[in-house]
Structures are given as structure tokens and as C-alpha cells.
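Residue numbers (the working numbering): 2 to 353.
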């Protein structure tokens, strides 16, 4: 990736972006105070008279009337309702729709959108750009502003927010603009991970080949429950109204006394039974070691869990509910008793 400011002393991660520059805990405080983060992102730009209604018809969010300057997010779902892409959407002052996605997913999304375009008047571009994140003010005019944890119109939240503040934006910058930024104003991506995990904010890190939005409470900001049909909509409606998500996301507060490193993919146990896996982990400057995990809905909500690391070390974990086991069933009809289970009234006792 070209056009990035050189950040001195940075430990490089994916795409050459700095994982951290100094102390990760100090960087979290700097991030809250206005520091910037170079993000591994792909960018698409949609223009044309059909762009908004067309994308509205094939993804999970209602965006046909998205106003210039507004932001939202939307999911591309499989026909079975499983998450394939997570899109951050911003409409600029000229009416173009900017799509920001995780690095490495842009090619697949562009190919799918191109196949789905048919005869619609939509132009799909891949501009050369850099994406910069901020927990304070947006770093540019074209900026996606995250609405989490507030419930977007047409959405629903199953659980309660974690209580940790989350304010976030991602600005799309031209290469010259990005290269002119002050390198000393940047922190690494580990700082973002820690704040995101503490806020219970889902990302593609929490998604596997089976994930549906309900499991991550992503109906809060990325799904409109009363819009028209789109691919995967039947599953979204059925699970919300009549069923229950088979898994649920939890925030884990980890025991850090052993110094064991918990990481993505580590197994989560309830007693001797495997109930899920860690999806994201970090050390928070106030909460200590924390992680997000996706566990079975049947895992006891009041149980203390254990995370087993790749090295075989067991780390105690207290769970904070994000999606409760009761999620779903919004309009589930009451169950009628089985015919064979109906008890007939007993005969009255004999007189006298």
C-alpha cells in the first residue's frame, strides 16, 4: 500500500500497518484523546441513479433513502442468512456511496456486486485511498461514523451494551492527503482492538462460515427488520420472530495472573464440555485481559468459563452477557399441549 505516512518505531502488521508504536495500554489512552490509526481496509465507490435502491434490494440495511453525509452499515448474506460481507457505508455530498470493508474482502465483494448488477445503472470503482480511524473527530470529509451501540431505525438489540464507551469513525483519504499526515499522531491497531472488544462491538473477526447476524447482536445497526426482501431475509425473519440463534456472543473477563496469551480460535469450555471459541482478545488499559467469544446458546449464562490456549493453558473467564440465551422468539406463538398429554378431569368422589 502506497501513500502511507512512515510511523517511526512501529511494529508492522498486515499491509505494513503498525500494530503498535509504543505501549499498547498508553496507546489506548492516546486513541481516546484523538490519535489516529491506519486501518487495513478496501474501498469501493458506487455511483449512478440506481446505486442506492439497487444495493438496498440485495443487502440487509434500508439505504434507498440514505441522505448525503449520512452513514450506516449493511451485511451481504448468503441465501441461508449467513454473513458473507460487512460493509461500512457513507454517502458523500455529491451523492456517491462509499463502501469500506476489511482488507482482503474487497475483490470478492466487487466481483459479487458486478454479477448482481445486471442492467442497473450503477458504476463500481476501486479508488486508490487510505482509511484512517479515529475515536474523536473524523479525520476527513468522507467518513463512516459508527452508530454502535445505539439501535438504528428498523433494528433491534437483544442484549445490553457493555457500559464501555465506543465512539468511532473511519475516514477515506486520498494518497496525498494521507502522506501529509503527521506520523507522530498515529497509534497501532492493537489499541482499536482493545476498545472494540470492551464495547462488545462485533466485526468480521467474530464471523465464521456459520455466523448469522443474530448471534452477534448485529441486528442493532446492520439489519432493517421491516424493509423489503433481500437475499437471506427469510432466515433473518424466522430466527428473530419464531426461533432463536444457535450461538451467542459473550464478553470474557480473563484471569491474567498466569500471563497466558489468549488468542483467536482458542477453545472455550464450560466444565469439561467445549461450548465455543474465542474470536478476539486484547489487554484493556482499565479492564485488563478481555476477549469476545461465540458460544453455544445452551451454555449456562451464569457459568464461569475456561479458555484453553493453544499451549494447553487453562485461563479462567467470567462471562458478561451480550446476546442472552432468550434472544429471538419475538412473535413465537404459544405451544399447544400434545393431545396425548391432555389430562382428563378425574371422576368426582362417590357420594356419602
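Cβ coordinates follow ideal geometry from the N, Cα and C atoms, glycine included.
From a predicted model like this one, the values you see are computed outputs, not experimental measurements.
Residue i - containing beta strand (DSSP E), residue span
i	result
residue 59	Where residue 59 is concerned, there is no enclosing beta strand (DSSP E), although the alpha helix (DSSP H) it sits in stretches over 52 to 59.
residue 321	315 to 322
residue 254	248 to 255
residue 85	84 to 92
residue 135	131 to 135
Residue i burial status per 10 Å Cβ neighbour count (16 or more: buried)
i	result
residue 115	exposed
residue 246	buried
residue 188	buried
residue 215	buried
residue 164	exposed
residue 279	buried
residue 312	exposed
residue 42	buried
residue 277	buried
residue 152	exposed
Residue i, DSSP secondary structure in three states
i	result
residue 176	helix
residue 214	helix
residue 145	strand
residue 38	strand
residue 354	This structure does not reach residue 354, given that the chain is present from 2 up to 353, and the question cannot be answered.
residue 343	For residue 343, the pLDDT reaches just 48, beneath the cut-off of 50, and the residue's location in the model is therefore unreliable, although a value from the coordinates is still provided. Residue state, collapsed to three classes: coil.
residue 78	strand
residue 221	helix
First through last residue of the alpha helix (DSSP H) which encompasses residue i
i	result
residue 114	107 to 118
residue 25	25 to 33
residue 199	190 to 199
residue 241	234 to 242
Those residues which DSSP pairs with residue i across a bridge
i	result
residue 270	275 and 307
residue 46	99 and 126
residue 297	248
Nonlocal neighbours in the same chain, by C-beta distance under 6 Å from residue i, ignoring five residues either side
i	result
residue 261	310, 314 and 316
residue 321	252
Neighbourhood of residue i by C-beta, 7 Å cutoff - its chain only, sequence neighbours within 5 removed
i	result
residue 63	57, 155, 225 and 228
residue 147	169 and 170
Same chain only: Cβ atoms within 8 Å of residue i, ignoring 5 sequence neighbours per side
i	result
residue 118	55 and 125
residue 343	The predicted model places residue 343 with a pLDDT of 48, which falls under 50 and marks its position as unreliable; any figure quoted below should be read in that light. Result list for residue 343: empty, nothing under 8 Å.
residue 111	45, 125 and 127
Near the ligand NAP: residue i beta-carbon under 7 Å from a heavy atom
i	result
residue 46	As for the ligand NAP, it is missing from this structure, which has no ligand bound.
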